[in-house]
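S.K.: Handing you a structure now.
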Amino acid sequence: MNKMTEIPQITNQAFLQDVLDGLSQKQKTLPCKWFYDETGSQLFEAITKTREYYPTRVETRLLQQAALELTSLIPELQVLIEPGSGASVKTRALLQTQAQLKHYIPIDISAEFLQAVAAQLQADFPQINTVPVVGDFSMDMPTIDWHGIAKTGDCVVFFPGSTIGNFSPEEASKLLSDFHQLAGEHAISKKKWLLIGVDSTQNTAQLVNAYNDAAGITAAFNKNLLVRANQELQANFELDQFKHEARFNPVESRIEMHLVSLQKQVVEIAGSSFVFESGESILTENCYKYAQPRFLEMAQKSGWQSVKTWQDQQESEFCLFLFRASAP
Numbered sequence: 091m092n093k094m095t096e097i098p099q100i101t102n103q104a105f106l107q108d109v110l111d112g113l114s115q116k117q118k119t120l121p122c123k124w125f126y127d128e129t130g131s132q133l134f135e136a137i138t139k140t141r142e143y144y145p146t147r148v149e150t151r152l153l154q155q156a157a158l159e160l161t162s163l164i165p166e167l168q169v170l171i172e173p174g175s176g177a178s179v180k181t182r183a184l185l186q187t188q189a190q191l192k193h194y195i196p197i198d199i200s201a202e203f204l205q206a207v208a209a210q211l212q213a214d215f216p217q218i219n220t221v222p223v224v225g226d227f228s229m230d231m232p233t234i235d236w237h238g239i240a241k242t243g244d245c246v247v248f249f250p251g252s253t254i255g256n257f258s259p260e261e262a263s264k265l266l267s268d269f270h271q272l273a274g275e276h277a278i279s280k281k282k283w284l285l286i287g288v289d290s291t292q293n294t295a296q297l298v299n300a301y302n303d304a305a306g307i308t309a310a311f312n313k314n315l316l317v318r319a320n321q322e323l324q325a326n327f328e329l330d331q332f333k334h335e336a337r338f339n340p341v342e343s344r345i346e347m348h349l350v351s352l353q354k355q356v357v358e359i360a361g362s363s364f365v366f367e368s369g370e371s372i373l374t375e376n377c378y379k380y381a382q383p384r385f386l387e388m389a390q391k392s393g394w395q396s397v398k399t400w401q402d403q404q405e406s407e408f409c410l411f412l413f414r415a416s417a418p
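Just remember that my numbering sits 90 ahead of the position in the sequence shown, which is counted from 1.
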């Protein structure tokens, strides 16, 4: 790979650096956080509605059960924070049922998409103060401006969608610890809680199908990374020369998404050249499937005490966990 000393007309330097670094690895990679521009966010919402993608409908069902109990479990809930909020579809189950809730803080990397969603939520739930925060929680916990936000009630960090599975065990443990900071060490004077969805499913066929739907929406979602690189980084990926592929890695207990080169080719990106052999792939996402005992242990070591578990009994091993911050 040869790099030019100057990269002209590139506005998203963080995206560029991640692409250059990732494609320079022996196993070429692209960080999954770059899936979520406006198009990618819309495609992901479409994925969640496919027949094969069970996590969304299962978690939605569990959330409907949990919402009925949360009022008594957390009677003084005033603040709900959601890192990686996306379209906040599942969050509506909480916004509709938690009468004591005063503030909702969605956090997302896609600013334009986030602002549109927040405006709609504010219109739909005028009694709840919606405060959108643009940020990349996978890098650093965003700083929340607590001015005007209740400082006396309990705070819940809501992390649905089995998004924790996008992180390795070490990264996931750090994230669980960082959620304490997100909830505000000094801003909230009462208890801090974590409501999180975790997929523990190990059925290989079910997992592969869930990440490779028949309609090809997941494939389009995956390839949107290449579309973004072409549009934003002066890349020249030929989309029809890469195919989407989902693989289950039983050793790491994770589903992997790849973009596989269909021929030997050279891709140019902002003055840099990358050679792809036929069959060589770009790893774009890891989705770890943490077994329930393992995840409970990770959470405990990260300062969270288990309070309640809602578990799917119909089609998967998906769980919704409620934790309370352990006493210091």
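By construction, the Cβ of each residue, glycine as well, lies at the ideal position given by its N, Cα and C atoms.
Report the CB separation of Pro222 from Gln205 in whole angstroms; it is logged as a contact under 8 Å.
M.R.: Walking along the sequence shown from the start, residue 222 turns up at place 132. Walking along the sequence shown from the start, residue 205 turns up at place 115. Confirmed, about 6 Å.
S.K.: When burial is assigned at 16 or more other CB atoms within 10 Å of the CB, is Pro98 buried or exposed?
M.R.: On the sequence shown, position 8 is the one that residue 98 refers to. Its pLDDT being 46, under 50, Pro98 is placed unreliably in this model, and the value from its coordinates should be taken loosely. By the 16-neighbour rule on beta-carbons within 10 angstroms, Pro98 is exposed.
S.K.: Roughly how many angstroms lie between the CA atoms of Thr374 and Arg182, to the nearest whole one?
M.R.: For the purposes of this step, residue 374 is identified with residue 284 of the sequence shown, where counting begins at 1. For the purposes of this step, residue 182 is identified with residue 92 of the sequence shown, where counting begins at 1. Cα-Cα distance, rounded: 29 Å.
S.K.: Going along the chain, which residues of its own chain have a beta-carbon closer than 8 Å to the beta-carbon of Val356, five neighbours each way excluded?
M.R.: By 1-based counting over the sequence shown, the position of residue 356 is 266. Excluding positions up to five away in sequence, the list reads Ser363, Phe364, Val365, Phe366.
S.K.: What does the alpha-carbon distance come out to for the pair Ala336 and Gly274?
M.R.: Here residue 336 refers to the residue found at position 246 when the sequence shown is read from its first residue. Here residue 274 refers to the residue found at position 184 when the sequence shown is read from its first residue. Answer to the nearest angstrom: the Cα atoms are 38 Å apart.
S.K.: When burial is assigned at 16 or more other CB atoms within 10 Å of the CB, is Arg318 buried or exposed?
M.R.: Translated into the one-based positions of the sequence shown, residue 318 becomes position 228. It counts as buried.
S.K.: How about Ser392 and Gly369: do their beta carbons lie closer than 8 Å?
M.R.: For the purposes of this step, residue 392 is taken as the residue at position 302 of the sequence shown. For the purposes of this step, residue 369 is taken as the residue at position 279 of the sequence shown. Not in contact: Ser392 and Gly369 (Cβ atoms no closer than 8 Å).
S.K.: Would you list the residues sitting across from Gly287 in a DSSP beta bridge?
M.R.: Translated into positions along the sequence shown, residue 287 becomes position 197. Answer is Leu410, bridged to Gly287.
S.K.: Within 10 angstroms of the Cβ of Ala189, are there 16 or more other Cβ atoms? Answer buried if so, exposed if not.
M.R.: Translated into the one-based positions of the sequence shown, residue 189 becomes position 99. Answer is exposed; the Cβ neighbour count stays below 16.
S.K.: Could you check what DSSP says for Ser351 in three-state terms: helix, strand or coil?
M.R.: Along the sequence shown, one-based indexing puts residue 351 at 261. It is a strand residue.
S.K.: Straight-line CA distance for Trp400 to Gln382?
M.R.: The count along the sequence shown starts at 1 and reaches residue 400 at position 310. The count along the sequence shown starts at 1 and reaches residue 382 at position 292. For Trp400 and Gln382, the distance between alpha carbons rounds to 11 Å.
S.K.: Kindly give me the distance between the Cβ atoms of Leu323 and His334, rounded to whole angstroms, as I take these residues to be in contact under 8 Å.
M.R.: As a first step, residue 323 is located in the sequence shown; it is residue number 233 there, counting from the start. As a first step, residue 334 is located in the sequence shown; it is residue number 244 there, counting from the start. Contact check for Leu323 and His334: beta-carbon distance about 20 Å, past the 8 Å limit, so the pair fails to qualify.
S.K.: Which term fits Lys180, buried or exposed, when burial requires 16 or more other beta carbons within 10 angstroms of its beta carbon?
M.R.: In the sequence shown, residue 180 corresponds to position 90, counting from 1. Buried: at least 16 other Cβ atoms inside 10 Å.
S.K.: Check the C-beta distance from Asn256 over to Cys377 and give it rounded, since I have them as a contact under 8 Å.
M.R.: As a working mapping, residue 256 is identified with position 166 in the sequence shown. As a working mapping, residue 377 is identified with position 287 in the sequence shown. Confirmed, Cβ separation roughly 6 Å.
S.K.: Cα-Cα, which of Pro121, Asp244, Asp226 is closest to Gln107?
M.R.: As a first step, residue 107 must be located in the sequence shown, where it is residue number 17. Per the Cα distances, Pro121.
S.K.: Where does Pro173 fall in DSSP's three states?
M.R.: In the sequence shown, residue 173 corresponds to position 83, counting from 1. Pro173: strand per DSSP, three-state reduction.
S.K.: Evaluate contact between the segment 164–175 and the segment 133–149, counting only Cβ atoms and requiring at least three cross-stretch pairs below 8 Å.
M.R.: Counting Cβ pairs under 8 Å, fewer than three are found: no touch.
S.K.: Looking at the strands, I want to know which residues DSSP matches up with Glu335.
M.R.: Stepping through the sequence shown from its first residue, residue 335 is reached at position 245. In DSSP, Glu335 forms a bridge with His348.
S.K.: Can you tell me the Cα-Cα spacing of Leu386 and Ala325, whole angstroms?
M.R.: Indexing the sequence shown from 1 puts residue 386 at position 296. Indexing the sequence shown from 1 puts residue 325 at position 235. Their backbone Cα atoms lie some 43 Å apart in a straight line.
S.K.: Pick helix, strand or coil for Tyr378, following the three-state DSSP scheme.
M.R.: The residue given as residue 378 occupies position 288 in the sequence shown. It is a strand residue.
S.K.: Alpha carbons only, please: which of Ala201, Phe227, Asp303, Pro196 is nearest the one belonging to Gln212?
M.R.: Position 122 of the sequence shown, counting from 1, holds the residue named residue 212. For the residues Ala201, Phe227, Asp303, Pro196, the minimum Cα distance to Gln212 belongs to Pro196.
S.K.: Please tell me whether His320 and Gly130 are closer than 8 Å, where the distance is taken between their beta carbons.
M.R.: As a first step, residue 320 must be located in the sequence shown, where it is residue number 230. As a first step, residue 130 must be located in the sequence shown, where it is residue number 40. According to the sequence displayed, residue 320 carries Asn and not His. No, the Cβ-Cβ distance between Asn320 and Gly130 is not below 8 Å.
S.K.: Is Asn219 helix, strand or coil by DSSP?
M.R.: Residue 219 sits at position 129 when you count from the first residue of the sequence shown. It is a strand residue.
S.K.: Would you mind sorting Asp422 into buried or exposed? The rule is 16 or more other CB atoms within 10 Å of its CB.
M.R.: With the chain running from 91 to 418 in the structure shown, residue 422 is simply not present.
S.K.: How should Phe411 be labelled, buried or exposed, when 16 other C-beta atoms within 10 angstroms of its C-beta is the threshold for buried?
M.R.: Walking along the sequence shown from the start, residue 411 turns up at place 321. Burial call: buried.
S.K.: Counting only the same chain and skipping the five closest in sequence on each side, list residues whose C-beta sits under 7 Å from that of Thr119.
M.R.: Start at 1 with the first residue of the sequence shown, and residue 119 comes out as number 29. Correct list, in chain order: Gly112, Ile372, Leu373.
S.K.: With H, G and I counted as helix, E and B as strand and the rest as coil, what does DSSP make of Val341?
M.R.: For the purposes of this step, residue 341 is taken as the residue at position 251 of the sequence shown. Coil, per DSSP.
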